[in-house]
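Take a look at the structure below.
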Amino acid sequence: MKAISLKGCGTALVTPFKDGEVDYEAYASLIDRQYDAGVDFLVALATTGETPSLSDEEKTALLKLTFGHAGGLPIVVGCGSNSVSGTLANMRKLDGREVDAWLVVVPFYNKPTQEGMYLYFKEIASNTDKPVIIYNVPSRTGANMKAETCLRLAREVPGIVAIKEASGNLAQIEEILAGAPEGFAVFSGDDALTLTMMEKGARGVISVASNLLPERVSQVVSAALEGDFARAAALDKPLQPLYEACFVESNPIPVKAGMEVLGLCGCEMRLPLTAASQSTRDAMSQILKDL
């Protein structure tokens, strides 16, 4: 098993498009910017990257660029599907020595039981030599992994090393944090809750907002990791409107609008997602101007 000790701010990278095609040049520049801003790790091919809209060839090309521009930062790669065979096939297509861990979402659409989730993740973890991070995001998958299931996996299945918790259920998150075995990490999957979760023991965030302001989001997380929660709160408070704005429409629609405001890439999406409304663009423009 490849050892990994992730903590801090990890950016869930967007995928820029231009005239219907992946804008690889812009993508490479975005990674360079993340590295220069001091983020702790990168997350490629996850929700924010519009991964369901990408071809296998595009995913492979994006990963190659990620590997080449990461500058030694740890790389987490999204590979989840709604079947064991599909997820393992994605792992085979996307694997490489530069992959530090897999991000595997709770199977979507199927609405598995808790036992089904346990057996699914156990099977996935037993078929890879890389660490697995569970991704619980019931607003997208239609199924919530309960704390007891997460903790069962953490305790019983070698290779399950962390969870990205985006349920928004603080009672559930607190139960995971209280019962997590040594070495099992909890990451916020919701920028607005990161500091609250870190005060209770979370190790960092897999962030959407850090696509826009990587240095400032990283500063919040770094202060929290150092135990300076007063400073972290002071840094975090001005960012709360940005966190909220990132989800006024389906992610990554708003964050891409912000990227366009900053001149980093266009706000083009792939159907079934559409570009941000004018009100979202105006809001993002004003918030970023204020910050």
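Just so we're on the same page, the numbering used here is the position in the sequence shown counted from 1, plus 11.
We put the CB at the ideal spot given by N, CA and C, even for glycine.
| Item | Value |
| --- | --- |
| Would Lys300 pass as a contact of Ala287 if the rule is Cβ separation under 8 angstroms? | no |
| Can you look up Lys122 in the DSSP assignment and give me helix, strand or coil? | coil |
| If the criterion is Cβ atoms closer than 8 angstroms, does the pair Met128 and Val116 meet it? | no |
| So the candidates are Glu126, Ala177, Thr71 and Ala158; which of them puts its Cα closest to the Cα of Arg151? | Ala177 |
| For Ala220, count neighbouring C-beta atoms within 10 Å of its own C-beta (all shown protein chains included) and say buried if the count is 16 or more, exposed if not. | buried |
| When DSSP builds the beta bridges, which residues end up paired with Glu32? | Lys29 |
| What is the rounded straight-line gap between the Cα of Val148 and the Cα of Asn155? | 7 angstroms |
| Just the Cα atoms here: how many angstroms apart are Ser304 and Arg242? | The question about residue 304 has no answer, for the chain in this structure spans 12 to 302. |
| Do you know whose CA, among Gly79, Ser233 and Ser64, lies nearest Thr285's CA? | Ser64 |
| From the DSSP output, which residues share a beta bridge with Thr22? | Leu53 and Ser218 |
| Ala81 by DSSP, collapsed to three states: which one? | coil |
| In angstroms, rounded to a whole number, what distance separates the CA positions of Ser66 and Phe240? | 42 angstroms |
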